[in-house]
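First up is the structure itself, then whatever we jot down about it.
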Amino acid sequence: MAGGRVNLQATCVRALGDLHLDVDVVAPAGEVTVVVGPNGAGKTTLLRILAGHLAVDAGLVALGDRVLDEPPRTFVPPEHRRMGVVDQEHLLFPRRNALDNVAFGLRCQGVDVRTARGTAQQWLDRLDVGSQATMRPAALSGGQAQRVALARALATDPDALLLDEPLAALDATTRSAVRRDLRQHLDGFAGPVVLVTHDPLDALTLADRLVVVEDGVVTQSGPLADVTARPRSSYLADLLGVNLVAGTADGATVTTSGGVVLPVTGSHSGSVYLSVPPGGVGVQSLGVEGDVPQGPGWVAAVEALAVVASRVRIRLGGPLDLVAEVPSGALREQGIVEGGSVWVCVDPTQVAVYRR
């Protein structure tokens, strides 16, 4: 497949309204770097800077040893950056059919009509939309339009690939199929891929590396397994569906700022984070008399209940805000209800401990 074996690196400082972006990102060749973060964090602004639609106020954008943006002297416009871009809305030309949409970039590079259309048809075939070559965008399904947009980006033999929420406009059924196909095609791309998403499943399925951007700065980055094993912000913990607890460790216990003492495995000291899956948080009804069970734990209020398939997520209030997850049958058996109280304990074998 297309793409050169060069890394994409960017040190971007840019003020844009209330957003002050100051990030340092490296996207290695042959890997998919997924950028996640809350709305307004600066994800799309970063992608626009990489694509050349925005210039940095200060910093450097480089693809291998080729400098693309370095104020005040260097700025390479988008059409000369050799980057394939796939936007959330696909941005296909409405008056051109799928074949001519894909061939357009090649024609802009000076490729003759016959060769450009032949290459475009090959890419449409490769992405399983070859039979839609004569159809205009309005007649394509969301999944088909996404594949045509990806074919257009890849057909020009780009050195890097940028994707902004490429699956956001798809329905759930189509999204699953296109996500699987997208992973397959990205695996074969030799250059760096930067993909922005807010969807945790997209991130976990497509990423080799994860970059977390919050309030215009990178709060965490690295290989997917490393970042997801040790979240360092409530945003990322929520995205991953785990509880993040900060505290002070002393041997085999950690004391939170609210005074809750949690048992952990191993011996630790100093300021630490705990990552606790909802399944590692145990809840037990207090019973009619409100009897407190034996063993380590505390009483907490049941603030909210949410059914997820055959299980129920229980949001617990202070002194330590946590989310527990139990089978729906256990909820009925114990008579746990929203607004009631439960006894809470944490299974130390399911707690990951790491330094703050």
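One point on numbering: in the working numbering, the residue at position 199 of the sequence shown is 207, and numbering is uninterrupted.
Here a beta-carbon is modelled for each residue, glycine too, at the ideal position from N, C-alpha and C.
Please report how far the alpha carbon of SER3 lies from the alpha carbon of VAL361, in whole angstroms. Because residue 3 is not part of the residues shown, which for the chain are 9 to 364, the question remains open.
Going by DSSP, which residues form a beta bridge with HIS276? Position 268 of the sequence shown holds residue 276. GLY259, per the DSSP bridge assignment.
Helix, strand or coil: how does DSSP classify HIS28 here? In the sequence shown, counting from the first residue as 1, residue 28 sits at position 20. Three-state DSSP puts HIS28 in a strand.
Cross-strand partners of MET91 (DSSP beta bridge): Position 83 of the sequence shown, counting from 1, holds the residue named residue 91. DSSP output for MET91 lists ALA168 as bridge partner(s).
What is the DSSP secondary structure of GLY138, reduced to helix, strand or coil? For this step, residue 138 is matched to residue 130 along the sequence shown. It is helical.
Using the rule of at least 16 other Cβ atoms within 10 Å of the residue's Cβ for burial, across every protein chain shown, is ARG340 buried or exposed? Here residue 340 corresponds to residue number 332 of the sequence shown, with the count starting at 1. Flag for ARG340 reads exposed.
In chain order, each beta strand (DSSP E) run of at least 3 residues that lies wholly inside the segment 36–87: Listed in chain order, the complete beta strand (DSSP E) runs (minimum 3 residues) inside the segment 36–87 are 40–44, 66–71 and 74–78.
Buried versus exposed call for GLN154 [16 or more other C-beta atoms within 10 Å across all chains shown]: Position 146 of the sequence shown, counted from the first residue, corresponds to residue 154. When all chains shown are included, GLN154 counts as buried.
Of the listed residues LEU313, LEU114, GLY138 and LEU203, nearest to SER336 (C-alpha basis): Residue numbering aside, residue 336 sits at position 328 when the sequence shown is read from its first letter. Ranking LEU313, LEU114, GLY138 and LEU203 by Cα distance to SER336 puts LEU313 first.
Please list the terminal residues of the continuous beta strand (DSSP E) segment that includes LEU313. For the purposes of this step, residue 313 is taken as the residue at position 305 of the sequence shown. Per DSSP, LEU313 is one residue of the beta strand (DSSP E) stretching across 306–316.
One question on the structure: do SER279 and GLY259 come within less than 9 Å of each other, judged by their Cβ atoms? Walking along the sequence shown from the start, residue 279 turns up at place 271. Walking along the sequence shown from the start, residue 259 turns up at place 251. Result no, Cβ atoms of SER279 and GLY259 do not sit closer than 9 Å.
Does the beta-carbon of LEU214 have 16 or more other beta-carbons within 10 angstroms, so that it is buried, or is it exposed? Walking along the sequence shown from the start, residue 214 turns up at place 206. Classification for LEU214: buried.
Roughly how far, in whole angstroms, is the beta-carbon of THR264 from the beta-carbon of LEU248, given that I think they are within contact range, below 8 Å? Looking up residue 264 in the sequence shown gives position 256. Looking up residue 248 in the sequence shown gives position 240. Incorrect: roughly 20 Å between the Cβ atoms, too far for contact.
Within its chain, find whatever has a CB closer than 8 Å to the CB of ASP189; leave out the 5 residues flanking it on each side and keep chain order. Within the sequence shown, numbered from 1, the residue matching residue 189 stands at position 181. Cβ neighbours of ASP189 beyond the five flanking positions: LEU135, ASP136 and ARG155.
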